[in-house]
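All remarks here apply to the structure that follows.
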Amino acid sequence: GTNPVKVLLNVDEEDIFIAEKNFKDYSRKLALWKLHCYRINKKLKPNELVITADTTVVFNNMVFGKPKNAFEAKQILLKLRGNTHTVTTGVVVLEGNKVFSFTKSTIVNFRQYSTVEIDDYIQTGLPFDRAGSYGIQDKPFLPVDSYVGCYLNVIGLPLCEIQSVFSCLSRKINTLECSTTCRSELSAKELKN
């Protein structure tokens with residue numbers, strides 16, 4: 002079996018953002034940079050499996066990561082309200098000397114939520130750990146009206162894509178049935194309406 006360990010790294014994302022003009026590649030480069038930082042700070046075991054990821058929200062050529070404070074979270078949520086944006090996650094998978102990287106994008110449409118809803122949501126503290134200041138799964142806020150693509154990508158880790166990378170690796174890793182999970186999330190969304 003696999004026993005995942007979450008490691009938090011202090012990565013200066015601003016340097017990468019300034020150098021990268023391609024929004025889609027920005028998330029992948031952040032994930033690659035996180036892997037680089039991990040390799041510098043940790044002694045890798047033979048065939049150790051390492052997954053790094055970074056998710057960004059892009060709207061009108063603006064890239065939103067995690068907000069720094071309540072004011073920034075509110076400004077982001079006001080900009081996204083009633084609009085369509087793209088969520089892109091860059092993922093890097095390392096095992097031994099094999100490195101795979103990819104990006105996954107999902108189109109997300111936001112509903113017209115109120116300023117009071119924004120303020121209440123910010124009070125929960127949830128926006129501060131979310132790219133674009135929101136989580137598609139965060140109740141009772143639920144800002145998403147609809148989306149085209151992968152639900153798990155919007156959460157921040159597109160497991161279906163990772164599962165396809167695992168099929169290229171030397172070990173068998175059991176993951177969930179992604180299509181069933183995505184369907185159940187869509188069904189739950191349909192039931193809510």
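Take 2 as the starting number for the sequence shown in this note's numbering and just add one per residue.
The beta-carbon is built from N, C-alpha and C at its ideal position, and this holds for glycine as well.
For residue i, the three-state DSSP class (helix, strand or coil)
i: residue 194; result: Residue placement at residue 194 cannot be trusted, given a pLDDT of 26 that sits under 50; the coordinates are not used to answer.
i: residue 69; result: coil
i: residue 1; result: Coverage of the chain is limited to positions 2 through 194, which leaves residue 1 absent and any answer about it impossible.
i: residue 170; result: coil
i: residue 184; result: Note that residue 184 has pLDDT 44, beneath the 50 cutoff, so the model's placement of it is unreliable and the number below is only indicative. Note: residue 184 maps to helix in three-state DSSP.
i: residue 52; result: strand
i: residue 156; result: helix
i: residue 20; result: With a pLDDT of 49 at residue 20, under the threshold of 50, the predicted position of this residue should be treated as unreliable, though the coordinate-derived value follows. Residue state, collapsed to three classes: helix.
i: residue 189; result: Caution is warranted here: a pLDDT of 33 is assigned to residue 189, below 50, making its placement in the model unreliable, and no coordinate value can be reported.
Range covered by the beta strand (DSSP E) that runs through residue i
i: residue 165; result: Segment 160 to 167 is the alpha helix (DSSP H) holding residue 165; no beta strand (DSSP E) there.
i: residue 146; result: 145 to 149
Top-ranked residue by Cα proximity to residue i, from the options
i: residue 90; options: 54, 81 and 109; result: 54
i: residue 74; options: 44, 43, 118 and 103; result: 118
i: residue 114; options: 148, 129, 78 and 162; result: 78
i: residue 67; options: 97, 130 and 45; result: 130
i: residue 98; options: 142, 36 and 165; result: 36
i: residue 142; options: 120, 64 and 151; result: 120
i: residue 29; options: 122, 50 and 158; result: 158
i: residue 169; options: 32, 94 and 43; result: 94
i: residue 83; options: 144, 25, 32 and 128; result: 144
i: residue 112; options: 103, 100, 148 and 165; result: 148
i: residue 104; options: 41, 43, 162 and 49; result: 162
i: residue 50; options: 81, 96 and 153; result: 96
i: residue 40; options: 100, 70 and 63; result: 100
i: residue 139; options: 123, 27 and 165; result: 123
i: residue 128; options: 65, 52 and 92; result: 65
i: residue 63; options: 167, 25 and 165; result: 25
i: residue 32; options: 167, 102 and 70; result: 102
N- and C-terminal bounds of the alpha helix (DSSP H) containing residue i
i: residue 33; result: 24 to 42
Residue i at chain C interface by Cβ criterion, 8 Å
i: residue 31; result: Among the chains in the structure shown there is no chain C, since it carries only a single protein chain.
Any non-hydrogen atom of the ligand PLP within 7 Å of residue i CB
i: residue 107; result: Of ligands this structure carries none, so the ligand PLP is not represented either.
**Item:** Segment contact, 8 Å Cβ cut-off, at least three pairs: the stretch 123 to 139 with the stretch 56 to 71
**Value:** yes
**Prompt:** Are the stretch 101 to 116 and the stretch 71 to 88 touching by the rule of at least three beta carbon pairs closer than 8 Å?
**Reply:** yes
**Prompt:** Whole alpha helix (DSSP H) runs in the stretch 58 to 134 with 4 or more residues, listed along the chain?
**Reply:** 71 to 81 and 116 to 125
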